[in-house]
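In the numbering used here, the protein residues as written are 104 to 654.
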């Protein structure tokens, strides 16, 4: 419109004189478009929410709450729904698909749902099939890997071959051992490793003459595999990696590690090329390039992503390429929770969630405000604990279930059996109990005995990481001791430096992991420890949290 006024050599004020009625309507938009747009969207949401009352009351076993209804209707170009533990994110995803189809905003084949794990994708497909019937079969429900394969197969017109080593850590580690043996046969290479290890140990190994006998050391090989995965995921040149590392305080050591690992990465890439195979990293990168270059045309108007807090830069690049290809006609709807971002070791970057609004233009960040899993006493501890880190996005997460009795107990490690006795005595029906450890070695030796003895309790042990997405009536978090939970800070290696978050709050990811552990429980949580416990235990005891200390 401003261009038209310029052509007519007319000012806005002059045009307003000639067309007062028109400009009375247009002027609020021209003078403050963002505020006007916000108000219009707000009014539209209220009208739309009223129009779809029946859907919202019937699409799930219980009616959607108000914050869930708003989430379903979000209509910005890029939308992030912050879904706290137990807040019903799956209900929102399925209700949104129903809404898009019933409102004729999209045909099934124009909707893409992306999950990180195969089980999650299958569960979503089953749930949608039960809700919307045969139309669910026309939806595109994929993991990121399935999506990458779909794009590559469409462009290349043939089925690509995935390396058997790509999804089998034992086979990949065997390949690393074989490579290291051959690599160390060259004296120059062997001496380079010795020189590095003499200054900077790796996997507790030093650069002595006995190094050759450690070529199959499990910790060394696991370390090498981890560096290889990080280099493959980033897909950058050696020079580009050095540019990323150059300002780091430990640049000499990290650059030396890069020199050790780069030949391994090159050999891995060459092996895949020689065998005409790919791995998951190549697959995502190649698929992204096909989208960016226009070789693949996206048919999707609505892209929905589950567990967005697990996103990595590599996967985000693919999503952005798909969205930008149909700019203005593609809607991104991401559901996740930065409070539960616990997979940095696997490449996820919490900054991509906390920085969503600054990364995407025309974006909305909305949060679900009610959890149906844990009571308000657990919430009072967990929600306050996680928000001690100012880098986490602030949000209100109210508990649907309220009670006066405190529900987070702190007890000695030796009292686990006593706790199980207490739970067993207090119930006359089957109850679920999760024993959670920071590491696998925290699994109690008496677990089998307890499972046989407490027949009213369904007892399971798993790591805190494995518990993500699970729930139980009761949770016992084991060995929250100094150096155990939070885990002791290890030496920063190449993979850590290349995947380092901007969040410098002490033990940020460990704090999120502890939050995940606390919020698996519906009724009560016990945190067990030795002596004075870790800094997490001390915080709960000394900072006026609503907890009970048991002897």
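All C-beta atoms in this analysis are idealised placements derived from N, C-alpha and C, irrespective of residue type, glycine included.
- By the CB criterion at 9 Å, residue 612 and residue 604 fall inside the cutoff.
- Within the same chain, and ignoring the five residues on either side of residue 168 in sequence, the residues whose Cβ sits closer than 7 Å to its Cβ are 473.
- Inter-residue distance for residue 120 and residue 128 is about 14 Å (C-alpha atoms, whole angstroms).
- Nearest Cα to residue 193 within the set 386, 280 and 225: 225.
- Taking residue 230 as the centre and dropping the five residues before and after it, the same chain places the C-beta of 193 and 197 closer than 8 Å to its C-beta, in chain order.
- Between the C-alpha atoms of residue 650 and residue 171 there is a straight-line separation of about 31 Å.
- In this structure, the alpha-carbon of residue 371 lies about 42 Å from that of residue 550.
- Counted as a single uninterrupted DSSP element, the beta strand (DSSP E) harbouring residue 575 occupies residues 575-580.
- Here the C-alpha atom of residue 363 lies approximately 42 Å from the C-alpha atom of residue 243.
- Within the stretch 478-533, the runs of beta strand (DSSP E) at least 3 residues long that lie entirely inside it are, in chain order, 511-515.
- A Cβ-Cβ contact shorter than 9 Å links residue 176 with residue 152.
- With contacts defined as CB atoms closer than 9 Å, residue 331 and residue 283 fail to qualify as a contacting pair.
- Assigned with DSSP and collapsed to three states, residue 200 falls in helix.
- Here DSSP, grouped into helix, strand and coil, assigns residue 265 to strand.
- Contact annotation: residue 408 and residue 195 have beta-carbon atoms that are not nearer than 9 Å.
- Assigned with DSSP and collapsed to three states, residue 217 falls in strand.
- Residue 466 is bridged by DSSP to 181.
- In the same chain as residue 503, and ignoring 5 residues on each side of it, the C-beta atoms closer than 8 Å to its own belong to 473, 474 and 475, in chain order.
- Going by DSSP, residue 593 is part of no alpha helix (DSSP H) at all; its letter is neither H nor E.
- Within 10 angstroms of the beta-carbon of residue 446 lie 16 or more other beta-carbons, which makes it buried.
- For the pair residue 516 and residue 581, the CB atoms are nearer than the 9 Å cut-off.
- Rounded to whole angstroms, the gap between the alpha carbons of residue 410 and residue 440 is 7 Å.
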